[in-house]
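A short worksheet on the structure shown next.
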Amino acid sequence: MEKVLKIDYQKCTGCRLCELVCSVSHHGVSNPARSRIKVVKWEAEGLYVPMTCQQCEDAPCISVCPVKATSRDENDGFVVIDYEKCIGCRSCVTVCPFGARNYSTIDKVVLKCDLCGGDPQCARFCEVKAVDFISADRLSQSKKKDAAKRLSTAQKAAATLYPE
Amino acid sequence: MALNRKIAYIDLSTGKIETKPIPVEVRRKFLGGRGLDAYLLYNHTKKGVDSLGPKNTLIVSGGILTATCASATARTHVMAKSPLTNLLGSCNMGGFFAPELAWAGFHHLVIKGKAKKPVYLWIHNGEIEIRDAASLWGLTTTETQWAIRKELDDEDIKSMVIGPAGENLVRFANVMTGIKNSGGRTGMGAVMGSKNLKAIAARGTMDIKIAHPIDALEFNKRFIDQITSAKVNQTQGTLGTPFIWGATNSWGGVRTRNFQYNQCEYADDIEPERIDEICTETMGPHHMTGCFGCQVHCRAKYKIPTGPYAGKYDEGPEYTSQGAFGGEPDCKSAETVLTGNHLVNQWGVDNLEIGSIIAWAMELYELGILTSKDTDGLELRFGNDEALLEMVRRICFREGWLGDTLADGGIPASEKIGKNSFDYLIQVKGMNNLHSDERATPGLALNIATASRGSDHLRSRPAIDLYHLPEAVLRKIYSNPVPYDGPLSSEHTEYIGKPWQVFWQENCYMAVDCLGICKYHTTFLGATLPNFEDWPKVLYYNTGLEFTPKDIWDIAERCNNIERLFNLREGLTRDDLKKGDTLNHRYFDEPCLRGAPDVIGAKIDRKKFKKMVDEFYVHHGWDKNGVPTPETLKRLGLDQEPSHLL
Ligand code: SF4
Numbered sequence: 000m001e002k003v004l005k006i007d008y009q010k011c012t013g014c015r016l017c018e019l020v021c022s023v024s025h026h027g028v029s030n031p032a033r034s035r036i037k038v039v040k041w042e043a044e045g046l047y048v049p050m051t052c053q054q055c056e057d058a059p060c061i062s063v064c065p066v067k068a069t070s071r072d073e074n075d076g077f078v079v080i081d082y083e084k085c086i087g088c089r090s091c092v093t094v095c096p097f098g099a100r101n102y103s104t105i106d107k108v109v110l111k112c113d114l115c116g117g118d119p120q121c122a123r124f125c126e127v128k129a130v131d132f133i134s135a136d137r138l139s140q141s142k143k144k145d146a147a148k149r150l151s152t153a154q155k156a157a158a159t160l161y162p163e
Numbered sequence: 000m001a002l003n004r005k006i007a008y009i010d011l012s013t014g015k016i017e018t019k020p021i022p023v024e025v026r027r028k029f030l031g032g033r034g035l036d037a038y039l040l041y042n043h044t045k046k047g048v049d050s051l052g053p054k055n056t057l058i059v060s061g062g063i064l065t066a067t068c069a070s071a072t073a074r075t076h077v078m079a080k081s082p083l084t085n086l087l088g089s090c091n092m093g094g095f096f097a098p099e100l101a102w103a104g105f106h107h108l109v110i111k112g113k114a115k116k117p118v119y120l121w122i123h124n125g126e127i128e129i130r131d132a133a134s135l136w137g138l139t140t141t142e143t144q145w146a147i148r149k150e151l152d153d154e155d156i157k158s159m160v161i162g163p164a165g166e167n168l169v170r171f172a173n174v175m176t177g178i179k180n181s182g183g184r185t186g187m188g189a190v191m192g193s194k195n196l197k198a199i200a201a202r203g204t205m206d207i208k209i210a211h212p213i214d215a216l217e218f219n220k221r222f223i224d225q226i227t228s229a230k231v232n233q234t235q236g237t238l239g240t241p242f243i244w245g246a247t248n249s250w251g252g253v254r255t256r257n258f259q260y261n262q263c264e265y266a267d268d269i270e271p272e273r274i275d276e277i278c279t280e281t282m283g284p285h286h287m288t289g290c291f292g293c294q295v296h297c298r299a300k301y302k303i304p305t306g307p308y309a310g311k312y313d314e315g316p317e318y319t320s321q322g323a324f325g326g327e328p329d330c331k332s333a334e335t336v337l338t339g340n341h342l343v344n345q346w347g348v349d350n351l352e353i354g355s356i357i358a359w360a361m362e363l364y365e366l367g368i369l370t371s372k373d374t375d376g377l378e379l380r381f382g383n384d385e386a387l388l389e390m391v392r393r394i395c396f397r398e399g400w401l402g403d404t405l406a407d408g409g410i411p412a413s414e415k416i417g418k419n420s421f422d423y424l425i426q427v428k429g430m431n432n433l434h435s436d437e438r439a440t441p442g443l444a445l446n447i448a449t450a451s452r453g454s455d456h457l458r459s460r461p462a463i464d465l466y467h468l469p470e471a472v473l474r475k476i477y478s479n480p481v482p483y484d485g486p487l488s489s490e491h492t493e494y495i496g497k498p499w500q501v502f503w504q505e506n507c508y509m510a511v512d513c514l515g516i517c518k519y520h521t522t523f524l525g526a527t528l529p530n531f532e533d534w535p536k537v538l539y540y541n542t543g544l545e546f547t548p549k550d551i552w553d554i555a556e557r558c559n560n561i562e563r564l565f566n567l568r569e570g571l572t573r574d575d576l577k578k579g580d581t582l583n584h585r586y587f588d589e590p591c592l593r594g595a596p597d598v599i600g601a602k603i604d605r606k607k608f609k610k611m612v613d614e615f616y617v618h619h620g621w622d623k624n625g626v627p628t629p630e631t632l633k634r635l636g637l638d639q640e641p642s643h644l645l
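Sequence order for the protein chains is W and F.
So the first sequence is numbered by numbering that gives the first Met the number 0: it starts at 0 and just counts up by one.
So the second sequence is numbered by numbering that gives the first Met the number 0: it starts at 0 and just counts up by one.
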């Protein structure tokens, strides 16, 4: 079954452990500059949003790549880079609507999330589940539930305010 | 490699900057963080230097594991001679600064001299630059951090800064990073201020190679599971440190009205749940935030709901702020706690010290020792919220006679105020006590009396005493990694066995401070948390260095002894009320008036206390005056100090 990363920014505590484990598992070094996920922060408001590749169905990075270095992996369904072909033109960085393609100045290559081949470490280590790895059909389940709860609470409150 | 992070010597008087590698033999002796700081401070200051003069040395560091694949290694440590106590100055804060400093190539900064005009340091991928800070002077702590990011055009810069209190040389000014991470105790902000150093900014993209990355990741996962399965951390992760307020208060362990009582009548008004209720804008099921790589996420995000600061965002308030702006001054409004917490964060001052010193002044005012002439007409009474917040402002900006007087700290203020004001000052070594009451817990009383940076609850607190663990469990904890078959008691009111517990915890916390880990990730409030057996593994996987649990214990003991040597050199004597290992007379003379049956009537027994100190010294290998014996120094390899290996 197709699984996707689900990001719930409201749960994110801003600790950036995802950035750390991403760089350690991919490169054996601790260095957020090499991470495929990045927590974007508005510290003065307490808002933190983990940003990473969404493995878009109609991925602009695939269409824009002039040498067809970026493609969808047939087996796992996620977007991969073939570094044999990649010429480092950074067109994909420009078109990605999420800024999820990182250009690493250290290695002079484009880095992106490869879902760690099916066991994304960011999701494994995120204890609050701000980043979670779930089957695609369940993506909006918890949101639906929350919204339904709000709705029913509001209706109950309204019923006591305006009894028929 | 984590081990190739360097040390930088920065002379602000001459502008000279020198960087050096840290030899492995120095790492093996002191690890990093607080331990190596203590070694550097002992070596790089002379006896009796003026704490606010150019000869004082300011040391800033991350731990040996900071920014590696070990969880919660975010702690920044800062050391210098303290302007508040004139003994060891030392503070520790979370946030994101120390990891950024490590990615920028450094683990330790040794800052000497004094800049001619305000400056800040810019540290970037191995380079250090001294930059003009004229436009930053006078800004609050967060304004300073945002202004530096703007000036250098990089959102990811992390800086450690001072606010107006540090600039005004308030002797208990703190250093801050982020919204609320503060190195609060012993006035390190004033030391930065005295050097005209407004901030240290860091940004790095340098690799830290992990020695055994797969093992390190797996071990980290195990660590995280261990940490998050502890009940105490789960509660901490939803309510923050204020979760202990209710229990401690109803039991009678919270000092209020400057030691007159040990329970606050309005406790419910400042409970975390109540704060949740009034902070509708940011509170909710997920409103906690954490430091770098940490799963405890112990602080809440909030917006002040009403008053002149309504809508201002902040983080916390901690248990200490509940005491400083609630219990101590006997103010009952949660809004005052939230606002007070915000002001001290913005102006950069130690919340605990300022709350405690104002509560002292309030008692003096009610006793008539201070008059309305001294307060410029301010009704400085307990329960007066406006007077409390106004006094915070006057101290931070040194306004009025009393504001200026209190800004110099308790002991100098008591000398200026005169009469018997000193008798009411609840301090150890010149630093005011936390607002908790230790009269019913002799172990904790011994801890605050003997802590190396003055009255302190984070140096050796055997807080698990309060859980009444079975003695077998206590023995398991406290007989590791060195055997101990002396007395141990799970009774918190006991005196026997406590000196060993305090000694053991002192080594445990020193180890944690050297590693750069946070104390919630060790035996602090939870008995099942990581400990001496775990650290050699985490060190090996991340750095490749091999240690035994006993090695770590020895390192901690060595570092504690070097802090002791520093204090002795600066004049610590055992029974000195202002500089010694002893407590205010009220601990011995005034019994607790409120609380649970085991607390009411409790006070510390002078004779038994003295015996505890004696025993504590014996465990350390110190003589009856608290001086390490020549054999102890030899055993720990400190007989050649100062050695200037670095
Ligand atoms: S940087 Fe590489 S993957 Fe991206 S568009 Fe250019 S060639 Fe394709």
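Where a beta carbon is used, it is the ideal one built from N, C-alpha and C, also for glycine.
Source: prediction; values computed, not measured.
Using the beta-carbon count (16 or more within 10 Å), is residue i buried or exposed?
| i | result |
| --- | --- |
| F/Asp553 | buried |
| W/Trp41 | exposed |
| F/Gly52 | exposed |
| F/Asp384 | buried |
| W/Tyr82 | exposed |
| F/Ile6 | buried |
| F/Thr141 | buried |
| F/Gly600 | exposed |
| F/Ala133 | exposed |
| F/Pro469 | exposed |
Taking 7 angstroms as the cut-off, decide whether the C-beta atoms of residue i and residue j are in contact.
| i | j | result |
| --- | --- | --- |
| F/Lys311 | F/Lys194 | no |
| F/Leu87 | F/Glu562 | yes |
| F/Ala198 | F/Thr139 | no |
Measuring only between beta-carbons, confirm whether residue i sits less than 7 angstroms from chain F.
| i | result |
| --- | --- |
| W/Arg100 | no |
| W/Leu110 | no |
| W/Thr51 | no |
| W/Ser103 | no |
| W/Ala122 | no |
| W/Ser29 | yes |
| W/Glu44 | yes |
Can you tell me the Cα-Cα spacing of residue i and residue j, whole angstroms?
| i | j | result |
| --- | --- | --- |
| W/Ala157 | W/Lys148 | 14 angstroms |
| F/Pro316 | F/Asp638 | 44 angstroms |
| F/Ile356 | W/Arg89 | 59 angstroms |
| W/Gln9 | F/Thr279 | 15 angstroms |
| F/Ala471 | F/Ser488 | 10 angstroms |
| F/Glu128 | F/Lys15 | 10 angstroms |
| F/Asp550 | F/Thr631 | 16 angstroms |
| F/Ile58 | F/Leu40 | 7 angstroms |
| F/Phe29 | F/Leu645 | 12 angstroms |
| F/Glu365 | F/Asn583 | 20 angstroms |
| W/Glu56 | W/Cys64 | 16 angstroms |
| F/Cys591 | F/His434 | 14 angstroms |
| F/Pro715 | F/Lys577 | The structure shown does not extend to residue 715 of chain F, since chain F is modelled only from 0 through 645, so no value can be given for it. |
| F/Gly61 | W/Lys143 | 44 angstroms |
| F/Gly188 | F/Asn91 | 12 angstroms |
Chain W beta carbons: is any one of them nearer than 7 angstroms to that of residue i?
| i | result |
| --- | --- |
| F/Met159 | no |
| F/Gln294 | yes |
| F/Thr338 | no |
| F/Met287 | yes |
| F/Lys230 | no |
| F/Tyr308 | no |
| F/Tyr312 | yes |
| F/Phe96 | no |
| F/Asp206 | yes |
Using a Cβ-Cβ cut-off of less than 8 angstroms, give me the residues of the stretch 49 to 76 of chain F that come near chain W, in sequence order.
Ala66, Thr67, Cys68 and Ser70
Closer than 9 angstroms, Cβ to any Cβ of chain F: which residues of the stretch 127 to 153 of chain W, in chain order?
Val127 and Ala129
Note down, in chain order, all residues in the stretch 142 to 153 of chain F with a beta-carbon under 8 angstroms from any beta-carbon belonging to chain W.
Trp145
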